[in-house]
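The structure appears below as structure tokens.
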Amino acid sequence: MSGDSGTYALVKIAAKDVEIRYRGKVALKPATFDIRSSTIHSIIGPAGSGKTSFLRSLNLMSLELDGAAIKGSIKVDDDEILTIRGAEKMAKLRRRIGIVFATPQPLPRSIYENIAFGPRIAGTRKKADLDALVEESLRSAHMWDEVKDRLDLMGTSLSGGQQQRLCLARTLALKPDIVLLDEPCSALDPISTYKIEQSMQELKGNITFVLVTNNTKQAARVADRTAFFLMGELVEDGPTAKIFTRPNDQRTGDYIEGRFG
Amino acid sequence: MITLPRLPRLLHPRHAQVVAKAVLWAMTLATVGVLFYIIYFVLRRGLGHVGWDFLTEMPRRSGSVGGIFSTIVGTLYVTGVGVVVATPIGLGAAIYLAEYTREGRLTRIVRFGAESLAGVPSIIFGLFGFAFFVTYLRFGWSILSGGLTLAFMILPTIIRTSEEALRAVPQSYREVALSLGASKWQAIVRVVMPAAAPGILTGIILGVGRSVSETAAVIFTSGVSLKMPHSLFDSTRTMSVHFYTLTMESISEPKAYATAAVLVITILLINVAAYTLMNRFTRKFR
Amino acid sequence: MKDRVIEKALLLAALSAIGILALITIFIFREGLPVVFSKGPGEFLTGTVWQPSRGHYGLVPMIVGSAIVTFGALIIGVPLGLACAVVLAEMAPPRARKILKPTIELLAGIPSVVYGFIGMMILVPWIRNNPALGGTGSSALAASIILGIMILPTIIGISIDAIEAVPRSYREGSRALGATEWQTITGVVIPAARSGIVAGVILGMGRAVGETMAVIMVAGNSVQIPDSILKPVRTLTANIALEMSYASGQHEQALFATAIVLFIIIMLLNSLAGLARRKKKRKRKLKGDPAGGVEVA
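Chains as they are written, first to last, in my numbering: chain A, 1 to 261; chain B, 1001 to 1286; chain C, 2001 to 2297.
This is the structure:
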């Protein structure tokens, strides 16, 4: 099932004519584009552009929690995910496709337990395995040295930037092959932002990142490819350098240069 | 229909306000005064007769001599059965209302049921328990009949407080749990319920309080036996029922006061516990 | 699959309350209806003689008794309850409120037998020995006073919720027009919270009608239509509780028939209170105010 099972898939996520509605209201008009394996793919656009709706559809959270109706097709490693139904199958999908939310959301428990939560649910019971996972995940999120001596501290008592890196580490502990990030740095200081971007760069060999951001500079810094959404419409998608220097669409250029939104 | 005392026009509005506020405050303090007086009265006359013996000795000669030990045990058993039965059902109902359904016809029916049940007088619960558990199901006057009757009676309280507690848990907790690969049920059990636990516990404690103070519903279902109960099918007399009997049959005034003091202290402790928990819970999420 | 089963089980739990209500209705009616049919409903609802040994089951004295003590309880409980609600919701500083509110909630926790006992020990002798009152003391008056206190937590709790649901903008608008705090409370806040307060009063009535033990201990319990509030009365609830321990056969059925009357009164009151509450919500929703529009139809 996972990405490295024989056939090397260049396309990790294939979205075809994806249309998202909430109670009949269109949040995203039919959009088609691919997200390539082992890349950082950013999605930029102003508020209300449908980018978060799209992101939350990739792990079916929009379907289960927000009451969205999704049409079209989203294939992950050639497997259709929009036909997945039932709480357990959705849970299984979310272990492969992790997500980090806009505001840091540590659970009201210790740093260790925050990270061990996902693996425990997935069936990892042995203390040694969990210990190793916790350390590895915290290292990947550039946090280990800061917190290794106080893993029993409440996750909620960390600073905002640390909380968000904890959330990233918590997602990494699931060993996902895709990580979705929903404006993960919108509430962070520059140093924490830098550390998160650094983690993404280091990990993208094994993990495909989909980064929704309204910070165009961040997209330009880290993304290999960029898609631009506007008012519920995919305007264009391409290599980041091209989108930022020679966009096909006038609106893309206007947005990037800050003429609206 | 609802008009507060209108003060004469000749009074300047600002003076009228001063007078009105004073009157309202006086009424409020009077209400609180009544409560404190009740507690003071019962404890002052009763505490002197309460000692270790009173709590640990069996009642003899209808309770005119000895203590109230078997009625304490009876109260614990009956209340225990009530809470053990009502908690899973009430919590389940609350989870369904808060987590599994949107407001609609079904929730209206469920709420109507719970609200109506909350309004049913305890004497009707007693009669029903007698007709259904004691007679129809042949449980007899027993701890089981009384406990099940109480379970039905405290169910609405547990449903309401648990639902409120679950709804107070931030939506983000659910999102996080789901995003980390928990199924909806796992998210509820591992994240939402622990976060709501103090609120849920408050509801259970309030249920215990109602059970301990209840008389009409248990007197016709658990009976009045003063013997030590040995099984769920034995009849027993709760503290409240014992107190009622001591008073109405003029068995012993000192024993009645002492029992009242024990009852009031129990209720005070229960309410303080519930209030403290609730306070801590609401502070966490606001 | 597993989640499906769990959801079904939870639905079942959710339906338990309405199921239990149905079960109670069935068993009370099953036990009580036979005697109603054999004697005719008229005997119960219009008969003034209750003599089970001779087959007379007139409930009028008990219905009147319940009505008198309930009405009396409202006369005492509504003004006091409203005063407390207004003080707690509008006037008390937060710290005073933090002490007063749980204290008043504690009133609801005191066992009804303790209220009855206090009534017996303090109120009844006081009425008996007061030259302006007199009589035996065990009377409709004593029951009314005790019930008036007992229904306070219900009235206060629901009224506070109703007052707090009144949008802040109403108050600000009124104050901006030069009204004093007190004029704002009487002229704007209470009218806006009216349906909620009415719901609280109706539920308080329900509690008063349904209270049993405290009433038995102070009301005197003679079967008669009293000509003064200083005379003893017997309520519907007292009628059941006093005779249940020794009744059998048709007599026992007649007590269940008493419960049917009581049950119908309570359900009517509950429905009325529910209507009053929903009216408030609907009104708010029409005005587009989020405070009342939580329930999505």
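We put the CB at the ideal spot given by N, CA and C, even for glycine. This structure is a prediction, so every number in the text was calculated from the model and none was measured.
Reduced DSSP secondary structure (H/G/I, E/B, other) of residue i
i, result
"A1093 of chain B", "helix"
"W1141 of chain B", "coil"
"P2191 of chain C", "helix"
"H1242 of chain B", "helix"
"V2223 of chain C", "coil"
"K1021 of chain B", "helix"
"E233 of chain A", "strand"
"R1280 of chain B", "helix"
"G1053 of chain B", "According to the sequence displayed, residue 1053 of chain B carries Asp and not Gly. Residue state, collapsed to three classes: helix."
"T32 of chain A", "strand"
"P1156 of chain B", "helix"
"D66 of chain A", "coil"
"P2061 of chain C", "helix"
"D182 of chain A", "strand"
"P1059 of chain B", "strand"
"V1169 of chain B", "coil"
Residues sharing a beta bridge with residue i, DSSP
i, result
"M154 of chain A", "A:S110"
"H2056 of chain C", "C:Q2051"
"D77 of chain A", "Its beta-bridge partners do not exist; DSSP assigns none."
"S42 of chain A", "A:L211 and A:T226"
"P239 of chain A", "A:R225"
"D249 of chain A", "DSSP, once it has assigned bridges, lists no residue as partnering D249 of chain A."
"V18 of chain A", "A:A31"
"K25 of chain A", "A:Y22"
"K51 of chain A", "Answer is none; K51 of chain A lacks a bridge partner."
Supposed contact pair residue j and residue i - C-beta distance, whole angstroms, cut 8 Å
i, j, result
"L172 of chain A", "A223 of chain A", "19 Å between Cβ atoms; not a contact."
"V2218 of chain C", "S2138 of chain C", "6 Å"
"G232 of chain A", "K29 of chain A", "5 Å"
"I2028 of chain C", "L1047 of chain B", "Their Cβ separation, rounded to whole angstroms, is 41 Å, which puts I2028 of chain C and L1047 of chain B out of contact at 8 Å."
"P176 of chain A", "G98 of chain A", "4 Å"
"A1306 of chain B", "M2213 of chain C", "No information on residue 1306 of chain B is available, as it lies outside the stretch 1001 to 1286 that chain B covers here."
"G2047 of chain C", "L2059 of chain C", "7 Å"
"G2109 of chain C", "I1251 of chain B", "Not confirmed; about 26 Å, so no contact."
Min CB distance residue i to chain C below 8 Å
i, result
"Y1275 of chain B", "yes"
"T1075 of chain B", "no"
"E1175 of chain B", "no"
"W1185 of chain B", "yes"
"I1154 of chain B", "no"
8 Å Cβ cutoff, residue i in contact with chain A
i, result
"S1179 of chain B", "yes"
"Y1100 of chain B", "no"
"V1311 of chain B", "As shown, chain B starts at 1001 and ends at 1286. That puts residue 1311 of chain B outside it, with no answer to give."
"M1001 of chain B", "With a pLDDT of 45 at M1001 of chain B, under the threshold of 50, the modelled position of this residue cannot be trusted; read the value that follows with caution. Chain A contact via Cβ: absent."
"A1165 of chain B", "no"
"S1250 of chain B", "no"
"S1172 of chain B", "yes"
Residue-chain proximity (residue i, chain B), Cβ-Cβ < 8 Å
i, result
"N2221 of chain C", "no"
"P108 of chain A", "yes"
"L2059 of chain C", "no"
"D2003 of chain C", "yes"
"N1960 of chain C", "Any question about residue 1960 of chain C goes unanswered here, given that chain C covers just 2001 to 2297."
"A2247 of chain C", "no"
"L63 of chain A", "no"
"L2010 of chain C", "yes"
"F2029 of chain C", "no"
"A68 of chain A", "no"
"L174 of chain A", "yes"
"P2356 of chain C", "Residue 2356 of chain C falls outside the range modelled here, since chain C spans only 2001 to 2297, and no answer is possible."
"Q2051 of chain C", "no"
| Does the segment 2200-2213 of chain C touch the segment 2064-2076 of chain C, meaning 3 or more C-beta pairs lie closer than 8 Å? | yes
| field | Inter-stretch contact at 8 Å, needing at least 3 Cβ pairs: the segment 1078-1097 of chain B / the segment 1158-1173 of chain B | value | yes
| Stretch pair the segment 1108-1116 of chain B + the segment 1199-1206 of chain B: three plus CB contacts closer than 8 Å | no
| Any 3 or more C-beta pairs closer than 8 Å across the segment 2025-2044 of chain C and the segment 2184-2202 of chain C | no
| said: Is it the case that the segment 2171-2179 of chain C contacts the segment 2222-2235 of chain C, given that we only count it when at least three CB pairs across the two stretches are under 8 Å? | reply: no
| Counting pairs of Cβ atoms below 8 Å between the segment 1216-1228 of chain B and the segment 1141-1150 of chain B, do you hit three or more? | yes
| query | Is the segment 127-141 of chain A touching the segment 152-161 of chain A, taking contact as three or more C-beta pairs under 8 Å? | reply | no
| task | Tell me, please, whether the segment 38-51 of chain A touches the segment 86-95 of chain A by the rule of three or more beta-carbon pairs shorter than 8 Å. | result | no
| Counting pairs of beta carbons, one from the segment 1018-1033 of chain B and one from the segment 2084-2091 of chain C, are three or more of them closer than 8 Å? | yes
| message | Does the segment 2035-2055 of chain C come into contact with the segment 2265-2281 of chain C, if we say contact requires no fewer than three beta-carbon pairs (one atom in each stretch) closer than 8 Å? | response | no
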